[in-house]
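Numbering (this note's numbering), first residue to last: 7 to 157. Cβ coordinates follow ideal geometry from the N, Cα and C atoms, glycine included. Since the structure is predicted, the reported quantities are computational estimates derived from the model, not experimental observations.
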């Protein structure tokens with residue numbers, strides 16, 4: 007259980023309003039699906055911190071839903087029936103970021119596609135010039151580096 011504890015601690019510390027059962031469910035889902043799809047769980051944690059601050063019922067003004075802020079159409083395409091269900095949301099988002107990582111082979115481009123859509127990355131031939139997307143890449147990368155012990 008030693009390896010599991012830092013992840014559980016990260017989840018709990020970013021949203022102290024989560025019950026211990028929610029922390030367990032979220033942590034187990036992150037670890038299980040990260041392993042299944044070959045994505046670093048620290049990246050998933052960084053993404054969730056940036057997207058929702060570990061708030062399972064978060065909804066953006068644009069309509070993105072759940073922990074990883076999946077848009078309804080994207081969620082459906084990933085097989086997510088209930089974007090507010092932490093396990094479904096996490097599995098869908100890990101499948102999505104894994105697809106972007108495989109396609110682009112670059113974290114900044116993968117995060118750009120996650121945030122602004124693959125169409126925006128294609129249209130601009132790289133990271134779109136959107137302030138929101140550039141700030142998002144910076145935020146997720148900084149959190150990820152901190153979780154990895156990098157400065």
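Contacts around residue i, its chain only, beta-carbon distance under 8 Å, and the 5 residues preceding and following it disregarded
| i | result |
| --- | --- |
| residue 126 | 118, 119, 134, 136, 139 |
| residue 31 | 92, 93 |
| residue 145 | 56 |
| residue 90 | 62, 63, 71, 72 |
| residue 60 | 17, 20, 21, 24, 32, 54, 73 |
| residue 107 | 45, 113, 116 |
Selected residue, minimal CA-CA separation from residue i, among the options
| i | options | result |
| --- | --- | --- |
| residue 53 | 18, 108, 121, 77 | 121 |
| residue 6 | 48, 22, 57 | No statement about residue 6 is possible, as the shown extent of the chain runs from 7 to 157 and does not include it. |
| residue 148 | 55, 25, 108, 76 | 55 |
| residue 48 | 23, 66, 65, 17 | 17 |
| residue 62 | 45, 40, 132, 96 | 96 |
| residue 35 | 132, 50, 128 | 50 |
| residue 132 | 65, 109, 22 | 109 |
Simplified DSSP state of residue i, which is helix, strand or coil
| i | result |
| --- | --- |
| residue 76 | strand |
| residue 11 | helix |
Contacting residues, own chain, Cβ-Cβ under 6 Å from residue i (five flanking each side not counted)
| i | result |
| --- | --- |
| residue 7 | Because the pLDDT of residue 7 is 44, which lies under 50, any placement of that residue in the model is unreliable, and the number read from its coordinates should be weighed accordingly. Closer than 6 Å at the Cβ level, and outside the excluded window around residue 7, lies no residue. |
Cutoff 7 Å; reference residue i; Cβ partners in own chain excluding five residues on either side
| i | result |
| --- | --- |
| residue 86 | 76, 94, 95, 98 |
| residue 154 | 48 |
Practice item. Could you name each continuous alpha helix (DSSP H) segment of 4 residues or more that falls completely within the stretch 82 to 122, going from the start of the chain to the end? Key: 92 to 110, 113 to 122
Check your understanding: Which whole runs of the beta strand (DSSP E) in the stretch 28 to 53 are 3 residues long or more, in chain order?
Key -> Annotation note: the stretch 28 to 53 contains no uninterrupted beta strand (DSSP E) run of length 3 or greater.
Check your understanding: Are there three or more Cβ pairs, one per stretch, closer than 8 Å when the stretch 97 to 116 is compared with the stretch 34 to 45?
Key -> yes
Practice item. Let me know the alpha helix (DSSP H) ranges lying completely inside the stretch 119 to 152, each 4 residues or longer, listed in chain order. Key: 124 to 130
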